[in-house]
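In what follows, a structure is listed as structure tokens, so that the remarks can point back to it.
Number of protein chains: 2
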Amino acid sequence: MPAVEVLIPRSVEEEFPGRVASVDPQIRVRLVDQDGSVEGAEAPRVLMRGNIRNEAMQRLLEEYPTIEWVHVSSAGVEHLLPLLEGFGGIVTNSAGLYAEPIAEWVIAMMLMHAKRLRVLVERFERREWQGVASEEIGGKTLGIIGTGGIGTAIARRARGLGMHVVGMRASGKPSEHVERMYTPNGLHEMLGLSDYVVIATPLTEQTAGLIGEPELRAMQPSAVLLNIARGRIVQTEALVRALEEGWIAAAYLDVTDPEPLPPEHPLWGLPNVFITPHTSGHSPLSSRRVLDFFISNLRRWLQGEPLRNVVNLERGY
Amino acid sequence: MPAVEVLIPRSVEEEFPGRVASVDPQIRVRLVDQDGSVEGAEAPRVLMRGNIRNEAMQRLLEEYPTIEWVHVSSAGVEHLLPLLEGFGGIVTNSAGLYAEPIAEWVIAMMLMHAKRLRVLVERFERREWQGVASEEIGGKTLGIIGTGGIGTAIARRARGLGMHVVGMRASGKPSEHVERMYTPNGLHEMLGLSDYVVIATPLTEQTAGLIGEPELRAMQPSAVLLNIARGRIVQTEALVRALEEGWIAAAYLDVTDPEPLPPEHPLWGLPNVFITPHTSGHSPLSSRRVLDFFISNLRRWLQGEPLRNVVNLERGY
Numbered sequence: 001m002p003a004v005e006v007l008i009p010r011s012v013e014e015e016f017p018g019r020v021a022s023v024d025p026q027i028r029v030r031l032v033d034q035d036g037s038v039e040g041a042e043a044p045r046v047l048m049r050g051n052i053r054n055e056a057m058q059r060l061l062e063e064y065p066t067i068e069w070v071h072v073s074s075a076g077v078e079h080l081l082p083l084l085e086g087f088g089g090i091v092t093n094s095a096g097l098y099a100e101p102i103a104e105w106v107i108a109m110m111l112m113h114a115k116r117l118r119v120l121v122e123r124f125e126r127r128e129w130q131g132v133a134s135e136e137i138g139g140k141t142l143g144i145i146g147t148g149g150i151g152t153a154i155a156r157r158a159r160g161l162g163m164h165v166v167g168m169r170a171s172g173k174p175s176e177h178v179e180r181m182y183t184p185n186g187l188h189e190m191l192g193l194s195d196y197v198v199i200a201t202p203l204t205e206q207t208a209g210l211i212g213e214p215e216l217r218a219m220q221p222s223a224v225l226l227n228i229a230r231g232r233i234v235q236t237e238a239l240v241r242a243l244e245e246g247w248i249a250a251a252y253l254d255v256t257d258p259e260p261l262p263p264e265h266p267l268w269g270l271p272n273v274f275i276t277p278h279t280s281g282h283s284p285l286s287s288r289r290v291l292d293f294f295i296s297n298l299r300r301w302l303q304g305e306p307l308r309n310v311v312n313l314e315r316g317y
Numbered sequence: 318m319p320a321v322e323v324l325i326p327r328s329v330e331e332e333f334p335g336r337v338a339s340v341d342p343q344i345r346v347r348l349v350d351q352d353g354s355v356e357g358a359e360a361p362r363v364l365m366r367g368n369i370r371n372e373a374m375q376r377l378l379e380e381y382p383t384i385e386w387v388h389v390s391s392a393g394v395e396h397l398l399p400l401l402e403g404f405g406g407i408v409t410n411s412a413g414l415y416a417e418p419i420a421e422w423v424i425a426m427m428l429m430h431a432k433r434l435r436v437l438v439e440r441f442e443r444r445e446w447q448g449v450a451s452e453e454i455g456g457k458t459l460g461i462i463g464t465g466g467i468g469t470a471i472a473r474r475a476r477g478l479g480m481h482v483v484g485m486r487a488s489g490k491p492s493e494h495v496e497r498m499y500t501p502n503g504l505h506e507m508l509g510l511s512d513y514v515v516i517a518t519p520l521t522e523q524t525a526g527l528i529g530e531p532e533l534r535a536m537q538p539s540a541v542l543l544n545i546a547r548g549r550i551v552q553t554e555a556l557v558r559a560l561e562e563g564w565i566a567a568a569y570l571d572v573t574d575p576e577p578l579p580p581e582h583p584l585w586g587l588p589n590v591f592i593t594p595h596t597s598g599h600s601p602l603s604s605r606r607v608l609d610f611f612i613s614n615l616r617r618w619l620q621g622e623p624l625r626n627v628v629n630l631e632r633g634y
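So this is what it looks like as structure tokens:
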């Protein structure tokens with residue numbers, strides 16, 4: 001049987017190349033540098049795309065037309081679609097593999113808001129023994145836009161904390177842990193009854209700019225918006241106005257438009273905003289989850305079975 | 318039927334006196350001021366103790382020996398035991414009625430630690446787009462000392478977030494949501510295998526100073542101690558040394574010894590401590606929960622049924 005060359009980024013953890021190689025004696029692992037240079041590859045058939053620059057990836061695909069399958073280590077692939085336009089092979093993504101830390105981020109931010117942790121930190125730092133009025137998240141309603149792997153992981157935890165959970169998905173299909181599911185037609189209704197709204201949908205042509213002035217005005221003035229998906233799903237100017245004028249109470253954002261958010265951007269200065277730098281999915285366990293997933297897909301691929309997490313390049317996720 | 322005079326604090330919410338009065342036509346509500354003065358009481362039989370000073374309460378009990386039943390609006394009563402020494406009636410407490418907000422506080426603090434929210438807040442305030450290594454709480458082990466109402470509320474939520482939960486209680490009896498229950502003999506074993514340890518036991522002669530040097534040294538250097546019970550359950554000097562010398566990683570305290578913690582106390586200055594001012598039980602829903610509980614107990618009392626949450630004054634809870 002001929003060797004199967006698999007390209008994986010050099011930046012992965014030490015034991016990863018060995019684990020990939022041990023999947024099958026046919027496998028030859030070739031390490032790719034950030035700039036796309038590879039040593040010793042002749043006709044690689046698989047590329048695991050991790051910490052490789054966009055231009056480098058494009059060059060790799062041109063240089064090695066033998067590549068049949070690209071696995072992307074991020075959950076969203078919308079930023080790679082232009083690079084993949086001419087690519088005729090299979091693309092798989094890592095959707096769902098960051099769900100656990102992202103869902104914890106969402107719970108952390110809702111509690112940060114309800115318990116007013118930023119005020120408590122300030123008082124602690126001044127050594128003040130003085131409480132602040134706080135709320136419970138139990139009994140509150142969380143509306144989830146997009147109930148895929150991440151949305152479901154959020155829903156499960158929110159239910160465990162005694163919240164009511166409603167959701168919106170394109171198909172409107174019911175989902176475990178979601179008490180009431182809306183279609184996009186019901187978005188405004190869902191926004192109106194939610195105390196917290198979290199965006200957990202892929203960025204596509206349909207969802208770009210989905211949350212604008214009418215949607216923000218449909219929310220309650222006491223409601224909180226959280227975004228862990230992509231910054232461009234929210235119309236940033238409308239969000240700034242909503243926060244300045246009190247259409248909503250606060251926003252907790254792990255993603256922004258643009259990214260990184262420049263220091264002079266008005267979002268930074270608002271008292272009712274908190275921003276983290278697109279790191280909600282970071283976890284010491286993430287790279288291992290991606291590798292485990294890639295390896296199980298590699299086994300399927302070698303055996304001619306259908307791959308999991310195949311991206312529909314037309315649809316964009 | 319003779320009138321039944323019920324003393325309730327004047328500081329309760331507006332509709333409370335009316336709701337108490339509506340329980341039965343016999344009831345006459347008398348409002349007590351913070352200083353213990355009451356208008357129009359002749360032979361009151363019930364005292365709901367809320368925001369009334371200790372001396373005032375003692376005076377009330379002496380002035381009105383007709384009082385048969387005192388309901389205390391706090392969960393713990395150890396601070397009232399000296400005042401109740403000569404009292405021959407029934408004392409009930411509000412144990413369990415603060416469980417929901419306290420359990421949310423515990424989850425909030427574990428996430429604050431795991432997600433390194435204080436570092437993220439600092440970076441946000443400097444408008445820095447830079448992440449920080451963070452962890453997941455899912456998969457970690459939470460050890461709960463005391464699995465009554467509050468401990469159980471914590472356990473349920475922690476399980477919903479994918480944590481392993483072990484517990485310690487005097488009886489060692491199994492409890493739902495707790496995967497493994499220890500008796501006090503197994504405390505050190507439980508401490509050694511927990512990533513987070515939360516103290517949720519009443520302050521009694523048995524639990525005062527329960528967590529000292531041997532217990533803190535039994536914990537893992539990466540472990541986190543949380544206390545929402547009473548400050549005196551932890552030996553403060555040993556805790557300061559544990560935090561300074563790295564026997565444990567951090568402490569999140571809603572209660573301290575003494576309280577309020579004076580500004581010059583060394584605990585404030587440690588980089589691995591966070592303190593809130595005994596407010597983890599605060600919630601807009603708390604006073605209503607206490608009133609609802611008191612009213613249901615009042616119905617039982619009028620019908621001669623056994624009361625709930627009767628305090629064993631010998632045992633202290």
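These protein sequences, in sequence, are chains A and B. Position 17 of the first sequence, counting from 1, maps to 17 under the working numbering, and the rest follow consecutively. Position 310 of the second sequence, counting from 1, maps to 627 under the working numbering, and the rest follow consecutively. For glycine and all other residues, C-beta sits at the position ideal for the given N, C-alpha and C. For clarity, every value in this text was computed on a predicted model and none was experimentally measured.
- For B:F591, the beta-bridge partners assigned by DSSP are B:Y569.
- Our two residues, A:E104 and A:K115, have alpha carbons roughly 16 angstroms apart in a direct line.
- Taken atom to atom, the span from the alpha-carbon of B:V337 to that of B:G405 is near 24 angstroms.
- At a C-beta separation below 8 angstroms, A:H282 has these neighbours in chain B: G448, A450 and S451.
- A straight-line Cα-Cα distance of about 10 angstroms links A:P263 and B:E442.
- At least 8 angstroms separates the beta-carbon of A:M163 from that of A:T147.
- DSSP, read as helix, strand or coil, puts B:G353 in coil.
- Using a Cβ-Cβ cut-off of 8 angstroms, A:P271 does not count as an interface residue toward chain B, since no Cβ of chain B sits closer than that to its own.
- The shortest C-alpha to C-alpha distance from A:V4 to any of A:T152, A:G18 and A:E42 is the one to A:E42.
- Of the candidates A:V273, A:G76 and A:I52, the residue whose Cα lies closest to the Cα of A:T204 is A:G76.
- Looking at the DSSP output, A:W69 sits in a beta bridge with A:V46 and A:I90.
- Just so you know, the alpha carbons of B:V436 and A:A108 end up roughly 14 angstroms apart.
- A:L267 has its alpha-carbon roughly 28 angstroms from the corresponding atom of B:F591.
- Unbroken beta strand (DSSP E) runs of no fewer than 3 residues, entirely contained in the segment 209-233 of chain A, are found at 224-227, following chain order.
- Assignment of B:V346 by DSSP, reduced to helix, strand and coil, places it in the strand class.
- At the C-beta level, B:R366 and B:L348 stay beyond 8 angstroms of one another.
- Here A:P9 carries a strand assignment [DSSP, helix/strand/coil].
- A:G192: member of the alpha helix (DSSP H) spanning L187 to L193, first to last residue.
- A straight-line Cα-Cα distance of about 41 angstroms links A:I27 and B:L428.
- Here B:P623 is exposed: its Cβ has fewer than 16 other Cβ atoms, across all protein chains shown, within 10 Å.
- Annotated three-state conformation of A:V198 is strand, per DSSP.
- A contact between stretches requires three or more CB pairs, one per stretch, nearer than 8 angstroms, and the segment 549-556 of chain B meets this requirement with the segment 526-539 of chain B.
- Interface annotation, A:M112: in contact with chain B, CB-CB separation under 8 angstroms.
- When the beta-carbon positions are compared, B:G460 and B:L478 stay at least 8 angstroms from each other.
- Between A:V198 and A:I248, the C-beta gap is not smaller than 8 angstroms, which leaves the two residues out of contact.
- By the rule that beta-carbons nearer than 8 angstroms mark a contact, A:L120 touches chain B.
- Annotation: the segment 423-481 of chain B contains the following complete segments of the beta strand (DSSP E) (minimum length 3 residues), in chain order: 458-462.
- Considering only A:A155, A:E15 and A:Y182, the residue with the shortest C-alpha distance to A:E100 is A:A155.
- B:G455 reaches chain A at E100 and E104, counting residues in chain order whose Cβ is nearer than 8 angstroms.
- Ranking B:A373, B:V438, B:T593 and B:E330 by CA distance to the CA of B:N544 puts B:T593 first.
- Spanning the alpha carbons of B:S613 and B:Y513 requires a straight line of approximately 36 angstroms.
- Within chain B, P580 and W585 have C-beta atoms less than 7 angstroms from the C-beta of A:R127, given in sequence order.
- Restricting attention to B:I325, B:L510 and B:R558, the CA atom closest to the CA of B:D352 is found in B:I325.
- DSSP places B:R605 inside the alpha helix (DSSP H), whose first and last residues are S603 to L619.
- Contact of A:R28 with chain B is not assigned, every C-beta pair being separated by 8 angstroms or more.
- A residue is called buried once 16 or more other Cβ atoms fall within 10 Å of its Cβ, and B:P319, having fewer, is exposed.
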